[in-house]
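Colleague: Could you have a look at this structure, given as structure tokens, before my questions?
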Amino acid sequence: MSRERLAVMVEHQARGCAELGSPLYAFLLGRVAQDVRAGGPCAQALAGYEDAPGPDAVALRLLGGVHALALSGRAPDLAACYPSTGGAFDPERPDPCWQAFRAAVATGMEWVRDWMTRPPQTNEVGRANLLITGLLKATQAGPLPVRLFEVGSSAGLNLRADRFRYVSEGFAWGPADSPVLLDGAWAGAPPAWLAEAAAGQPDLEIVERRGCDLTPIDPLSPDGALALRAYVWPDQTARAARLDGALRVAARVPAEVEAAGAADFLAGVRLEPGTLTVVWHSIMRQYVPAAEWARVEAELDRLAAAATAEARFAHISFEPRRVGERHRFRLAVRLGTAAGTVVAEARPHGLPARAVAA
């Protein structure tokens with residue numbers, strides 16, 4: 024029964040990959056589910072995770088570990104099927120890809136089993152599109168030097184969001200020579216308030232960049248870069264290109280990510296006169312236990328209550344919210360003690376964004 028539950032979870036992730044534009048992973052996970060039911064190598068790789076909760080994302084852990092084998096040259100037959108490693112996936116003739124994947128799991132079992140112990144950490148660069156929108160919203164009250172704090176930072180790539188280039192219909196913001204281009208940032212033209220805010224703030228002065236994560240990744244290390252690349256789906260080459268650019272930005276723009284829980288990290292944050300202190304996060308809330316998140320909210324309330332005209336505070340979040348029968352991924356901005364306002368939404372990878380009426 025537990026193995027069947029695991030297969031059903033894998034199939035659920037397969038549908039998610041299909042909806043988010045990865046026919047390669049949608050196909051592979053469909054076969055993984057069959058292999059789990061049959062007791063094949065994928066069942067062995069996932070053994071012990073049959074009853075894992077959904078947020079553990081065991082299917083993505085498996086995919087990431089196997090992708091790392093291809094990226095590091097340990098699975099050349101699979102690399103020939105993955106666009107991320109110069110290969111090609113033929114949806115009309117997909118069986119060779121599955122055979123190479125299954126073989127990679129079987130021969131790289133020790134590697135894959137070790138990888139399964141790691142939480143998925145995409146540090147998705149596309150989500151910066153929403154975060155920087157929220158930051159521009161927060162600066163409409165007047166420009167101040169920004170102190171930026173991120174919870175659930177992973178490798179801290181989005182702590183450098185102001186160094187990325189955002190482009191859509193009639194809109195561009197960020198350094199023109201940035202190695203990170205988020206093209207098609209908005210579905211159509213962005214909202215008028217954003218265009219106005221961007222024109223008024225062509226540059227942001229960020230004087231502090233700090234984040235936390237329970238298991239931070241060093242983006243400047245070979246192992247860290249491999250981990251980040253492994254969690255980008257191999258047939259989504261635009262995402263991979265954004266990640267590569269963000270790694271180059273990280274090499275020249277320092278940011279500190281400490282190993283700490285979100286609540287403990289925020290407990291050490293204080294507002295400073297003459298600055299705007301910003302706490303932001305993107306699609307990490309579901310990984311935080313309820314008791315821990317209650318402490319996070321208490322720290323956010325403390326910071327909001329301490330805000331003044333001279334020491335401002337903003338909380339920016341891009342997280343799933345239930346809307347009717349579905350979850351939608353929405354950007355909310357809270358300024359000081361004011362109620363948070365939902366201003367935009369997007370798909371989980373952050374592109375394109377759509378305005379939401381206040």
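Sequential numbering of the sequence shown, starting at 24, is according to my numbering.
For each residue, glycine too, the CB sits at the ideal point set by N, CA and C.
Nothing here was measured: the structure is a model prediction, and the numbers come from that model.
#1: Below 8 Å between beta carbons: does that hold for Gln309 and Pro143?
#2: Sort out for me which residues DSSP pairs Pro299 with in a bridge.
#3: What are the residues that DSSP puts in a beta bridge with Pro343?
#4: Would Ala41 and Val59 qualify as a contact pair, given that the criterion is a beta-carbon distance under 8 Å?
#5: Answer yes if the region 156 to 164 comes into contact with the region 224 to 242, meaning at least three C-beta pairs across the two stretches below 8 Å, and no otherwise.
#6: Mapping DSSP to helix, strand and coil, what is Ser191?
#7: Given this structure, state the Cα-to-Cα distance separating Ser201 from Arg183, to the nearest angstrom.
#8: When we look at the beta-carbon of Glu27 and count the other beta-carbons within 10 Å, is it buried (16 or more) or exposed?
#9: If you measure between the beta carbons of Ser107 and Thr260, is that distance less than 8 Å?
#10: Got a sec? Which residues, its chain only, sit under 8 Å from Asp246 by beta carbon, not counting five neighbours each side?
#11: Please classify Met32 as buried or exposed, where buried requires at least 16 other C-beta atoms within 10 Å of its C-beta.
#12: For Val203, which option in Ser177, Ile240, Trp216, Ala263 has the closest C-alpha, if you only look at C-alpha atoms?
#13: Mind checking which residues open and close the alpha helix (DSSP H) that includes Arg265?
#14: Figure out for me which residue from Ser25, Phe50, Gly175 has the closest Cα to the Cα of Leu289.
#15: Quick one: using the 10 Å Cβ neighbour count with 16 as the cut-off for buried, is Pro239 buried or exposed?
#16: With a threshold of 16 other CB atoms inside 10 Å of the CB of Ala91, please say whether the residue is buried or exposed.
#17: Using the three-state DSSP reduction, which class does Glu27 fall into: helix, strand or coil?
#18: Taking only three categories from DSSP, how would you classify Thr140?
#19: For Thr360, write down the residues that DSSP places opposite it in a beta bridge.
#20: What residue range does the beta strand (DSSP E) around Ile229 cover?
#21: In this structure, does DSSP put Leu294 in helix, strand or coil?
#22: Counting only the same chain and skipping the five closest in sequence on each side, list residues whose C-beta sits under 7 Å from that of Phe124.
#23: How would you label Leu243, buried or exposed, when you count the other beta carbons within 10 angstroms and need 16 or more for buried?
#24: What whole-angstrom Cβ distance do Gly373 and Arg150 have, given they're in contact under 8 Å?
#25: Span of the beta strand (DSSP E) holding Ala279?
#26: Assuming Asn146 and Ala103 make a contact with CB atoms under 8 Å, what is their CB distance in whole Å?
#27: Where do the N-terminal and C-terminal ends of the beta strand (DSSP E) with Asp200 fall, by residue?
#28: Once the 5 residues before and after His338 are set aside, which same chain residues still bring their CB inside 6 Å of it?
#29: Output needed for Trp121: all residues of its chain with C-beta closer than 6 Å, excluding positions within five of it in sequence on either side, in chain order.
#30: Suppose you measure from the CA of Ala126 to the CA of Asp267; what does that come to, to the nearest Å?
#31: For Ser25, is the classification buried or exposed, using 16 other Cβ atoms within 10 angstroms of its Cβ as the cut-off for buried?
#32: Please report the straight-line C-alpha distance between Ala327 and Phe336, rounded to a whole angstrom.
#33: Where does Glu115 fall in DSSP's three states?
#34: Could you spell out where the alpha helix (DSSP H) holding Ala222 opens and where it closes?
Modeller: In short, the structure shows the following:
#1: no
#2: Note on residue identity: the sequence assigns Leu, not Pro, to residue 299. DSSP lists Val169, Arg335 as partners of Leu299.
#3: Phe352
#4: no
#5: yes
#6: strand
#7: 11 Å
#8: exposed
#9: yes
#10: none
#11: buried
#12: Ala263
#13: 260 to 275
#14: Gly175
#15: buried
#16: buried
#17: helix
#18: coil
#19: DSSP output for Thr360 lists no bridge partner at all.
#20: 229 to 236
#21: coil
#22: Leu51, Val89, Leu101
#23: exposed
#24: 4 Å
#25: Checking the sequence, you will find Glu at residue 279 rather than Ala. Unbroken beta strand (DSSP E) run through Glu279: 279 to 282.
#26: 27 Å between Cβ atoms; not a contact.
#27: Here Asp200 belongs to no beta strand (DSSP E), and DSSP marks it neither H nor E.
#28: Val302, Leu323, Arg357
#29: Arg54
#30: 28 Å
#31: exposed
#32: 6 Å
#33: coil
#34: 215 to 223
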